[in-house]
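Participant: Supplied in structure tokens, the structure appears directly below.
There are 2 protein chains.
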Amino acid sequence: MIEQLRNHGLKITPQRIAILNILKDNTTHPSAEEIYGQLKPNFPSLSLATVYNTLEALNRAGVIQEVIIDPRKRHYDPNPKPHSHFQCRNCSSIFDIAIGIELPPTPCQIDDFLMEYVTINWHGICPQCRAKETD
Amino acid sequence: MIEQLRNHGLKITPQRIAILNILKDNTTHPSAEEIYGQLKPNFPSLSLATVYNTLEALNRAGVIQEVIIDPRKRHYDPNPKPHSHFQCRNCSSIFDIAIGIELPPTPCQIDDFLMEYVTINWHGICPQCRAKETD
DNA sequence: GTATCTGCAAATGTTTTGCACTCCA
DNA sequence: TGGAGTGCAAAACATTTGCAGATAC
Numbered sequence: 003m004i005e006q007l008r009n010h011g012l013k014i015t016p017q018r019i020a021i022l023n024i025l026k027d028n029t030t031h032p033s034a035e036e037i038y039g040q041l042k043p044n045f046p047s048l049s050l051a052t053v054y055n056t057l058e059a060l061n062r063a064g065v066i067q068e069v070i071i072d073p074r075k076r077h078y079d080p081n082p083k084p085h086s087h088f089q090c091r092n093c094s095s096i097f098d099i100a101i102g103i104e105l106p107p108t109p110c111q112i113d114d115f116l117m118e119y120v121t122i123n124w125h126g127i128c129p130q131c132r133a134k135e136t137d
Numbered sequence: 003m004i005e006q007l008r009n010h011g012l013k014i015t016p017q018r019i020a021i022l023n024i025l026k027d028n029t030t031h032p033s034a035e036e037i038y039g040q041l042k043p044n045f046p047s048l049s050l051a052t053v054y055n056t057l058e059a060l061n062r063a064g065v066i067q068e069v070i071i072d073p074r075k076r077h078y079d080p081n082p083k084p085h086s087h088f089q090c091r092n093c094s095s096i097f098d099i100a101i102g103i104e105l106p107p108t109p110c111q112i113d114d115f116l117m118e119y120v121t122i123n124w125h126g127i128c129p130q131c132r133a134k135e136t137d
């Protein structure tokens with residue numbers, strides 16, 4: 003992933019490497035605050051603003067994907083390719099969902115709209131919370 | 003729409019009637035703050051907290067639909083039926099998009115997830131902003 | 001060497017909360 | 001009349017901003 007920084011004209015800094023390392027192979031879809039909280043103990047000089055800056059730069063460069071599914075905060079996914087997400091209304095966890103849904107390929111034009119990308123968001127109850135449910 | 007309040011055990015108050023009136027036939031997908039701003043001049047005693055309370059109650063009752071597409075704030079749609087939305091990355095306007103996409107009917111079960119509802123969000127440039135674009 | 005990046009602290013904007021008071025059913 | 005609903009003000013969060021200093025290349 004680090005080479006991708008160079009390809010996009012982004013400088014390689016210890017902060018960015020650390021953030022990418024947290025995200026790599028991470029399927030928990032952390033928020034900026036969560037990434038900050040995980041790094042801060044071993045990287046005390048790290049600033050939350052830098053985490054926000056970095057996540058925005060990585061998202062814009064297409065290295066990661068910003069996930070807009072939680073009305074309270076943004077989450078981040080190391081996989082930039084389009085795929086759908088699920089958020090549990092009980093525990094708020096976010097999961098990747100592999101479902102083959104037929105969507106027009108993007109970018110495309112529909113009714114004078116320029117469609118650049120589509121997101122599919124599922125909402126409901128995750129397997130863990132279903133198992134715990136008594137009612 | 004007002005009868006629906008009664009059906010869901012919600013009391014009919016002047017505040018709720020006013021908010022429903024703003025939303026009725028409204029295709030602009032206003033935020034809580036926008037609804038508040040529109041009502042406040044003619045309803046000076048109205049509180050922003052009441053707007054938030056009411057929107058949440060209406061959404062939970064299935065009278066309206068909360069639209070999670072804008073990472074900065076929630077928007078509200080008087081049409082509670084599932085349909086997809088579009089947000090322009092230039093002007094941030096939100097539009098209803100009528101596209102027949104094949105989705106599994108909800109609620110359904112997929113991979114141990116209980117899927118209660120799905121949302122489809124399009125992102126790109128709206129017709130008005132495309133017309134203004136020079137580049 | 002210089003443009004980019006970082007850290008800090010303050011500001012912004014949205015949404016929530018606690019609580020006393022009000023009013024719908 | 002009782003419980004749901006309202007208004008107010010403060011608090012809680014997430015995110016952004018401005019700027020001075022640091023650093024990657």
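Protein sequences appear in the order of chains A and B.
Each residue of the first sequence is one higher than the one before, counting from 3 in my numbering.
Each residue of the second sequence is one higher than the one before, counting from 3 in my numbering.
For each residue, glycine too, the CB sits at the ideal point set by N, CA and C.
(1) Does Val65/B get closer than 7 angstroms to chain A when you measure Cβ to Cβ?
(2) Could you confirm whether any beta carbon from chain A is found closer than 7 angstroms to the beta carbon of Leu116/B?
(3) Counting only Cβ pairs nearer than 8 angstroms, list the residues of chain B close to Glu36/A.
(4) If you compare alpha carbons, which of Asp79/B, Gly102/B, Pro106/B, Leu105/B is closest to Ser95/B?
(5) Need the endpoints of the beta strand (DSSP E) that Leu22/B sits in, please.
(6) Would Pro107/B and Glu118/B be called neighbours here (beta carbons separated by less than 7 angstroms)?
(7) Does Cys90/A pass the burial test, meaning 16 or more other C-beta atoms within 10 Å, or should it be called exposed?
(8) Are any of the Cβ atoms in chain A nearer than 7 angstroms to that of Arg8/B?
(9) Would you kindly work out how many angstroms separate the C-alpha atoms of Arg132/B and Ile112/A, rounded to a whole number?
(10) Going straight from the alpha carbon of Ile66/A to that of Leu60/A, what length do you get?
(11) Taking Cβ positions only, does Glu135/A come closer than 7 angstroms to chain B?
(12) What first and last residue would you give for the alpha helix (DSSP H) that runs through Cys131/A?
(13) Is the segment 44-55 of chain A touching the segment 27-44 of chain B in the sense that three or more CB pairs, one from each, lie closer than 8 angstroms?
Facilitator: If we stick to the structure as given:
(1) no
(2) yes
(3) By Cβ distance, chain B contributes nothing, its closest Cβ being about 16 angstroms from Glu36/A, past 8 angstroms.
(4) Asp79/B
(5) Not the beta strand (DSSP E): Leu22/B falls in the alpha helix (DSSP H), residues 16-25.
(6) In this structure, Glu118/B does not lie closer than 7 angstroms to Pro107/B by Cβ.
(7) buried
(8) no
(9) The straight-line gap from Cα to Cα measures roughly 13 angstroms.
(10) 6 angstroms
(11) no
(12) Start and end: 129-134.
(13) no
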